[in-house]
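Residue numbers (the numbering used here): 88 to 170. Beta carbons: idealized from backbone N, C-alpha and C, even for Gly.
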Amino acid sequence: SVFAQAGEAGDTLPLLAQISAPTLLIRADPTLGSTLNEAAWEQAQRLLPPQSRAIQISGATHNIHRGTFDEFMQGVNAFLSQE
88 SVFAQAGEAG DTLPLLAQIS APTLLIRADP TLGSTLNEAA WEQAQRLLPP
138 QSRAIQISGA THNIHRGTFD EFMQGVNAFL SQE
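Encoded structure:
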């Protein structure tokens with residue numbers, strides 16, 4: 088996994104604070120294999136730049152855009168329309 092490999096180099100979540108553009112962070116259902124545990128999810132939300140959004144899609148597995156496409160697109164469209 089990308090996160091497992093990145094974890095070998097250290098914690099990658101603090102890099103979120105270096106993003107300057109509004110960012111959409113989407114998390115899969117934690118009961119179905121999200122790569123972010125609760126502590127990491129909370130940390131990620133705190134580190135996102137202003138005008139960003141973090142959403143969790145219930146019922147989604149790691150392949151959010153494939154398994155829950157409609158919900159994924161609703162989240163993307165809501166994020167894009169907030170500007």
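Exercise. Compare the Cα-Cα distances from Leu-103 to each of Leu-135, Phe-156, Ile-142 and report the closest residue.
Key: Nearest of Leu-135, Phe-156, Ile-142 to Leu-103, Cα basis: Leu-135.
Practice problem: Please confirm whether Thr-148 and Ala-127 have their CB atoms less than 7 angstroms apart. | Solution: no
Practice problem: Look up Ala-141 in the DSSP assignment and give the residues it is bridged to. | Solution: Leu-112
Self-check item: Buried versus exposed, by CB contacts within 10 Å (16 or more), Gly-162
Solution: buried
Quiz item: Whose CA, out of Leu-112, Arg-133, Ser-168, lies closest to the CA of His-152?
Solution: Leu-112
Quiz item: Considering only C-alpha positions, which residue in the set Ile-144, Leu-119, Ala-131 is nearest to Asp-157?
Solution: Closest option to Asp-157, judged by alpha-carbon separation, among Ile-144, Leu-119, Ala-131: Ile-144.
Self-check item: Inter-residue spacing [alpha-carbon to alpha-carbon] between Gly-154 and Gln-105
Solution: 30 angstroms
Quiz prompt | Helix, strand or coil at Ile-151 [DSSP, three-state] | solution = helix
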